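One structure is given here, and the rest of the page talks about it.
Protein chains: 2
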Amino acid sequence: MTDNQHIRMTRQRKVILEELCKVCNHPTADQVYEMVRKRLPHISLATVYRNLEILSGIGSIMKLEFAGAQRRYDGNAAPHYHARCQGCDKVVDAHMPPIDVPQVPESLNGFFITGHQFEFTGYCEDCRKAMADSEKSRDSFHKTGASLPH
Amino acid sequence: MTDNQHIRMTRQRKVILEELCKVCNHPTADQVYEMVRKRLPHISLATVYRNLEILSGIGSIMKLEFAGAQRRYDGNAAPHYHARCQGCDKVVDAHMPPIDVPQVPESLNGFFITGHQFEFTGYCEDCRKAMADSEKSRDSFHKTGASLPH
DNA sequence: ATAGGTGCAAAACTTTTGCGTCAAG
DNA sequence: CTTGACGCAAAAGTTTTGCACCTAT
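Those protein sequences? They're chains A and B, same order as listed. Everything in the first sequence is counted per the working numbering, starting at 1 for the first residue and increasing by one. Everything in the second sequence is counted per the working numbering, starting at 1001 for the first residue and increasing by one.
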């Protein structure tokens, strides 16, 4: 909003943006760090975090606050939706038209609505297989939000 | 989810569930801890985490993985939607009918869809006021597009 | 030149885990 | 009794921050 401060295009920032736009998985800050490190071996993780924050602030990238504990970033800043695997937390694009945004309910008075978030939840192919396997060996997952299909 | 293991209703678990169902804000694990601590001063934060995980696993409460870095929990396990303030991260209920779930796009083959998540994003009344104020004193937000108050 | 940006290291948080002990069923 | 659960403390993992030095503009 009203960004009245110079944003310099440093080498680090440029590389981060380039690398992020190059991939279509939705990396975490740490994964971006690893990607960028191949071109800028001395970059700091703090710099990556700072830049992801700034770039998403000015709308050059998208910050995915959907995905549970760990944030993910998307080089595609255009509005689109995702699906998240409840098993491994992987995020993939869901190519689909914008959904019919429902009427904003009255209960949200006071609130100034800027948009909405939508994502499918489910299990990716890999995790389904893993689940089918452990089904036999009665091991179960207590881990992650992966509290199984319900 | 084939829960083939006994789940004991301990005093701690009972109190956590009770306290969570009592409130309609959507507390973080830490906030639940503070609430419960008034009745069980010796409870451990780890116990709170473990129980929130278990209770959401068996569907007694809802784990909100929407809200950015920090998870929130909802004593109302019935499916319903929320709105989240991008300023202070507060989460409120949006009383509304279930949305028309869009067709699952082909791009999501392989994926076994179990459901979807939807939430409005925007700014709550408090944060709007705070924004209007800092507008004058040209302080700007370098942070998030909106890391105001809290 | 100036002030935004960087790297490094340490701090701040949030969440999970190992382990000895306790208590629900 | 048995075994799931607890409390504690320590670990793990993610994100932020202070500071002195750079470097785009």
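In this text, a Cβ means the ideal position worked out from N, Cα and C, and glycines have one as well. Fair warning: this is a prediction, and the values are worked out from it, not measured in the lab.
Interface flag, residue i vs chain B, CB-CB below 8 Å
i	result
residue 26 of chain A	no
residue 86 of chain A	yes
residue 117 of chain A	yes
residue 75 of chain A	no
residue 107 of chain A	yes
residue 99 of chain A	yes
residue 23 of chain A	no
residue 10 of chain A	no
residue 128 of chain A	yes
residue 19 of chain A	no
residue 132 of chain A	no
residue 104 of chain A	yes
Residue-level contact to chain A via CB, residue i, 8 Å cutoff
i	result
residue 1032 of chain B	no
residue 1048 of chain B	no
residue 1095 of chain B	yes
residue 1113 of chain B	yes
residue 1079 of chain B	no
residue 1015 of chain B	no
residue 1041 of chain B	no
residue 1083 of chain B	yes
residue 1006 of chain B	no
Of the residues the options, the one placed nearest residue i, counting alpha carbons only
i	options	result
residue 1110 of chain B	A:116, A:85 and A:59	A:85
residue 7 of chain A	A:43, A:59 and A:37	A:59
residue 96 of chain A	B:1097, B:1092 and B:1102	B:1102
residue 1089 of chain B	B:1071, B:1132 and B:1037	B:1071
residue 21 of chain A	A:39, A:113, A:62 and A:45	A:62
residue 100 of chain A	A:118, A:107 and A:92	A:118
residue 1012 of chain B	B:1083, B:1056 and B:1039	B:1039
residue 948 of chain B	B:1130, B:1123 and B:1078	Past the edges of chain B, shown from 1001 to 1150, lies residue 948 of chain B, and the structure says nothing about it.
residue 1027 of chain B	B:1048, B:1010 and B:1044	B:1048
residue 125 of chain A	B:1023, B:1108, B:1130 and B:1115	B:1108
residue 1024 of chain B	B:1037, B:1131, B:1081 and B:1041	B:1081
residue 29 of chain A	A:129, A:76, A:128 and A:46	A:46
residue 991 of chain B	B:1083, B:1116 and B:1018	No answer is possible for residue 991 of chain B: the residues shown for chain B start at 1001 and end at 1150.
Integer-rounded CB distance, given that residue j should sit under 8 Å from residue i
i	j	result
residue 1091 of chain B	residue 1052 of chain B	Residue 1091 of chain B to residue 1052 of chain B, Cβ: 15 Å. No contact.
residue 104 of chain A	residue 1120 of chain B	7 Å
residue 87 of chain A	residue 1114 of chain B	With 8 Å as the limit, residue 87 of chain A and residue 1114 of chain B do not qualify as a contact, their Cβ atoms being about 11 Å apart.
residue 43 of chain A	residue 37 of chain A	6 Å
residue 1032 of chain B	residue 1054 of chain B	Residue 1032 of chain B to residue 1054 of chain B, Cβ: 13 Å. No contact.
- Item | Within the region 98 to 137 of chain A, ranges of the alpha helix (DSSP H) (whole runs, at least 4 residues) | 125 to 136
- Task: Note down, one range per segment and in chain order, each beta strand (DSSP E) of at least 3 residues found wholly within the region 10 to 48 of chain A.
- Result: none
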